[in-house]
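Okay, structure first, notes after.
This is the structure in structure tokens:
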């Protein structure tokens, strides 16, 4: 270990000696270089001519001027650097302010975009509501029109009932058209003007203001008159034909004719593909109209059978209301049958044009004639069926109207027989 340390020490000493030698050499070379430069400059100055000494003074003056300019330039450069620093600081401040404002602007922009989206959604929702309300308004208008039409039909029916009831009451022979005198006062009821229960408005106003009725009524309190229930029971002994609503489509022949019509349409489509293309489809639509109309009439008859309008156990008001509703529905079906007849006439016109325009075959023409005759028979059977139902209901309403008129007169004025 000691020998190793001695070797390291000797190596370090050798390196230090080498460095010292190198430093001495460098110092010697520097001195030699400076001496060379000094001698070279001295030889240069000695070789200069005498006239160049004046140039040296002028060059020195220019050197001083350039030095002063250099100092001023350095000062200006320092000022520019200071201004540049200040400007950079100001720009940094502006950038910082702009960045802060930009963040707020971005937040405001996001808020406005969200508000625009919400407004767009609200506008779409309101448009949907407006469309929904428009649809509801259209439905309500349609319902109002239906109600107005129904009210008009009911008013017409009530006017018809009132006129029919008054005419029947006038022909009943129980004081209608003539008059009976009690103490010089003539009592008339059942005339054409039925306002106020068969009496005119002037007559009723005079009656309500007079004390004659209150004095004379006590004289007739013990008088016996014919019961109204006996009149209700008497009318059911009248022999009458089977009610038209107690028959169905098979009994009227409509169902069988519709089946035959279906077969004829299939035959027409089979043999007339090359002749006529649109007419069979129109005929099939017309057949579907007749099927739907017959189904509605059959449904009306079934409902009338389920609740017989001639049932005596029902009250007169409920029976009249039920008969009126059935009659109004029959009128609507009759109107629909009339519209279907108009469409049938248009279809016949179209078929005639097809005969003239297209070279139809003989079998096709025969099929057309058979289908047209079948349509006419179905239309006639449906109209007869509806007319019988309407006539029967009108007869029931007129008969019950006469009984109610007599009941009203006798119950209000017991001295009238």
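Residue numbers (my numbering): 13 to 429.
C-beta atoms are modelled at their ideal positions from N, C-alpha and C, and glycine is treated no differently.
Quantities reported herein were computed from a predicted structural model and do not represent experimental measurements.
Using 7 Å as the threshold, is the C-beta distance between residue i and residue j below it?
| i | j | result |
| --- | --- | --- |
| residue 271 | residue 389 | no |
| residue 280 | residue 335 | no |
| residue 294 | residue 359 | yes |
| residue 265 | residue 393 | yes |
| residue 283 | residue 410 | no |
Leaving out the 5 sequence neighbours to the left and right, which residues in its chain are closer than 6 Å to residue i when beta-carbon positions are compared?
| i | result |
| --- | --- |
| residue 233 | Low per-residue confidence applies at residue 233: pLDDT is 41, beneath 50, and the placement is therefore not dependable, though the value from the model is reported in the following sentence. Closer than 6 Å at the Cβ level, and outside the excluded window around residue 233, lies no residue. |
| residue 299 | 273 |
| residue 112 | none |
Can you say whether residue i is buried or exposed, counting buried as having 16 or more other CB atoms within 10 angstroms of its CB?
| i | result |
| --- | --- |
| residue 245 | Confidence is the limiting factor: at residue 245 the pLDDT is only 40, short of 50, which leaves the residue's position unreliable, though a coordinate-based value still follows. Exposed. |
| residue 19 | exposed |
| residue 310 | buried |
| residue 132 | exposed |
| residue 66 | exposed |
| residue 146 | exposed |
| residue 231 | Caution is warranted here: a pLDDT of 40 is assigned to residue 231, below 50, making its placement in the model unreliable, and the coordinate value is therefore given only provisionally. Its Cβ having fewer than 16 others within 10 Å, residue 231 is exposed. |
| residue 347 | exposed |
| residue 68 | exposed |
| residue 96 | exposed |
| residue 149 | exposed |
| residue 121 | exposed |
| residue 155 | exposed |
| residue 105 | exposed |
| residue 223 | Below a pLDDT of 50, predicted positions are generally treated as unreliable, and residue 223, at 44, falls in that range; no measurement from the model is reported. |
| residue 378 | exposed |
| residue 316 | buried |
| residue 128 | exposed |
| residue 198 | Residue confidence for residue 198 is low, a pLDDT of 35 falling below 50, so the modelled location carries little weight and cannot support an answer. |
| residue 331 | buried |
| residue 109 | exposed |
| residue 383 | buried |
| residue 237 | Only weak support is given to the placement of residue 237: the predicted model assigns it a pLDDT of 38, under 50, and the value that follows is read from those uncertain coordinates. The residue is exposed, with fewer than 16 neighbouring Cβ atoms inside 10 Å. |
| residue 241 | Residue placement at residue 241 is poorly supported in this model, since its pLDDT is 38, which falls under 50; the coordinates are not used for a value here. |
| residue 26 | exposed |
So, for residue i: in the same chain, excluding its five sequence neighbours on each side, which residues have a beta-carbon less than 7 Å away from its beta-carbon?
| i | result |
| --- | --- |
| residue 386 | 269, 272, 273, 276 |
| residue 395 | 349 |
If residue i and residue j are in contact, beta carbons under 8 Å, what's the gap, nearest whole angstrom?
| i | j | result |
| --- | --- | --- |
| residue 398 | residue 345 | 6 Å |
| residue 165 | residue 343 | 7 Å |
| residue 391 | residue 356 | 6 Å |
| residue 380 | residue 363 | 6 Å |
| residue 305 | residue 349 | 6 Å |
Please work out which residues of its chain come closer than 8 Å, Cβ to Cβ, to residue i, disregarding the five sequence neighbours upstream and downstream, and give them in chain order.
| i | result |
| --- | --- |
| residue 52 | none |
| residue 40 | none |
| residue 167 | none |
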